[in-house]
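Everything below concerns the one structure shown next.
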Amino acid sequence: KLDLTEVEGLADLIAAETNQQKKLALNQMSGNLKEKYESWKKILSECLAYMEAIIDFGDDDDAVDENAQNIVRKKVQLLTKEMKSHLSDNRRGEIIRNGLKITIAGPPNAGKSSILNVLAKKPAAIVSPIAGTTRDVIQVNMDFGGYPVVISDTAGLRESEAVLDEIEREGILRAKEEIDDSKITLFVLDGSDRSEGEELFERMFGLGKANGRVVLVCNKSDLFDETSQGEIKKRFERQVLFVSCKTGAGIKSLLEEIEAEVGQLFEGENMEDSALITRERHRNHVQNCLGLLEKSLQPKISIDLSAEELRYASAEIGRITGAVGVEEILDIIFKDFCIGK
91 KLDLTEVEGL ADLIAAETNQ QKKLALNQMS GNLKEKYESW KKILSECLAY MEAIIDFGDD
151 DDAVDENAQN IVRKKVQLLT KEMKSHLSDN RRGEIIRNGL KITIAGPPNA GKSSILNVLA
211 KKPAAIVSPI AGTTRDVIQV NMDFGGYPVV ISDTAGLRES EAVLDEIERE GILRAKEEID
271 DSKITLFVLD GSDRSEGEEL FERMFGLGKA NGRVVLVCNK SDLFDETSQG EIKKRFERQV
331 LFVSCKTGAG IKSLLEEIEA EVGQLFEGEN MEDSALITRE RHRNHVQNCL GLLEKSLQPK
391 ISIDLSAEEL RYASAEIGRI TGAVGVEEIL DIIFKDFCIG K
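With the numbering used here as the guide, the letters of the sequence shown map in order to residues 91 to 431.
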């Protein structure tokens, strides 16, 4: 019999498009995530049973261990620490399941759409010498080293005051939102006319302003010489990838750089062993549970209220895999405290 997380793992396996997605789905379907949550649920059931025993049978010194409350507190403290570690995962599981976001950005007519088409190996975006051809976000799903990637082509960026077209202004707004939401940004410059792009890059990504990683790509390398390349490198004082969508020069290096950047984001991650959060609902329930446990640890909280917080916390974990039964709690009370014998 499969629990909810295992069923979700099966659904993800059917929908998987890359090796890492398959590994993650198989890992979840085999019960790694279920085991973690079930172990938490068991600890919470034990803690709740101890608290209930204190409340219901606290007058019977032979039945209830007087140190039970301290035992519960220590268990809950360890559990909160483990949950915080589980949540501090940089959303790797969700990124693998849904795809890591990469945004192609830059000034108008820098060749962003051409780069998308070259990477996708198909005419995904319209290419035109007319500035502002791309208005909306165009996305293509790709596979880099087994990891799923969603690459977005966006509208050319420029000062909003200079934009009279309302549709283009909306396109620029969406482009900025994509950049903020991306793990990697490919910033594309027109190497043959880079004045606007250089200023834009410094304004948006200079002095550590970027939310994620930024790869600087200088396009149209067939239109300028090595001397110009040296000037560009000196200007930015960082790695610059020179490419030409027309001749194909530098495209292999660009692909290798993207694959390396993607790999670094998941460095050290073992899909077979890790119990990663793969859905927002898992994260929400764990966060809710953590908040309730922290409330139960408050110094002046009464035993009744503390037990109530533990009950709600257990229910939150139960909603990820299945329900927590009343019989479960009673079994532990009678087993651990020998009540009723």
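Glycine included, C-beta positions come from ideal geometry on N, C-alpha and C.
In this text the structure is predicted, and so the values were computed from the model without any measurement.
Distance CB(residue i)-CB(residue j) smaller than 8 Å
i       : j       : result
Ile-341 : Val-352 : no
Arg-259 : Asp-226 : no
Gln-229 : Val-217 : no
Glu-288 : Arg-328 : no
Lys-273 : Lys-191 : yes
Ile-367 : Glu-184 : yes
Val-278 : Gly-201 : yes
Leu-400 : Leu-114 : no
Lys-124 : Glu-98  : no
Leu-380 : Met-173 : yes
Gly-189 : Asn-231 : yes
Leu-382 : Ala-403 : yes
Assigned secondary structure, residue i (DSSP; H/G/I helix, E/B strand, else coil)
i       : result
Cys-308 : strand
Val-333 : coil
Ile-228 : strand
Thr-223 : coil
Arg-163 : helix
Arg-248 : coil
Val-217 : coil
Arg-373 : helix
Pro-389 : coil
Leu-190 : strand
Ile-274 : strand
Ala-200 : coil
Asp-152 : Low local confidence applies: a pLDDT of 49 at Asp-152 is under 50, so the model's placement there is unreliable, and no value is given.
Asp-394 : helix
Asp-93  : coil
Leu-279 : strand
Arg-328 : coil
Arg-303 : strand
Which listed residue (the options) has its alpha carbon closest to that of residue i
i       : options                            : result
Ser-396 : Ala-405, Glu-406, Cys-335, Glu-384 : Glu-384
Gly-281 : Asp-271, Pro-198, Glu-346, Leu-355 : Pro-198
Leu-134 : Ala-143, Ser-120, Leu-169          : Leu-169
Ser-242 : Arg-248, Leu-209, Asp-255          : Leu-209
Arg-187 : Gly-261, Gln-110, Cys-335          : Gln-110
Leu-276 : Asn-309, Ser-175, Ala-105          : Asn-309
Lys-212 : Cys-335, Pro-389, Phe-314, Gly-99  : Cys-335
Gly-302 : Ile-194, Leu-100, Glu-398, Ile-145 : Ile-194
Leu-92  : Phe-356, Ala-105, Met-119          : Met-119
Ser-318 : Asp-283, Arg-181, Asn-122          : Asp-283
Glu-142 : Gln-159, Glu-347, Lys-126          : Gln-159
Pro-238 : Glu-172, Ala-106, Leu-290, Arg-369 : Ala-106
Ile-393 : Asp-146, Asp-255, Pro-219          : Asp-146
beta-carbon residue i near the ligand NAP non-hydrogen atom, thresh 7 Å
i       : result
Glu-267 : With respect to the ligand NAP, the structure offers nothing, as it holds no ligand at all.
Residue i burial status per 10 Å Cβ neighbour count (16 or more: buried)
i       : result
Thr-108 : buried
Thr-337 : exposed
Ser-175 : exposed
Gln-377 : exposed
Asp-102 : buried
Lys-131 : buried
Arg-293 : exposed
Lys-164 : exposed
Arg-371 : exposed
Ala-339 : exposed
Leu-313 : exposed
Lys-126 : buried
Asn-207 : buried
Whole-angstrom C-beta distance between residue j and residue i, which should lie under 8 Å
i       : j       : result
Tyr-140 : Val-162 : 5 Å
Gly-235 : Gly-196 : Not a contact, Cβ separation roughly 25 Å.
Leu-94  : Ile-410 : 7 Å
Ser-203 : Thr-223 : 7 Å
Leu-436 : Leu-344 : Outside the displayed range of the chain (91 to 431) lies residue 436, so it cannot be described from this structure.
Asn-117 : Ser-285 : At roughly 50 Å, the Cβ-Cβ gap does not stay under 8 Å, so Asn-117 and Ser-285 are not in contact.
Arg-369 : Leu-177 : Actually they are not in contact, since the Cβ atoms of Arg-369 and Leu-177 sit about 13 Å apart, beyond 8 Å.
Arg-182 : Phe-356 : 6 Å
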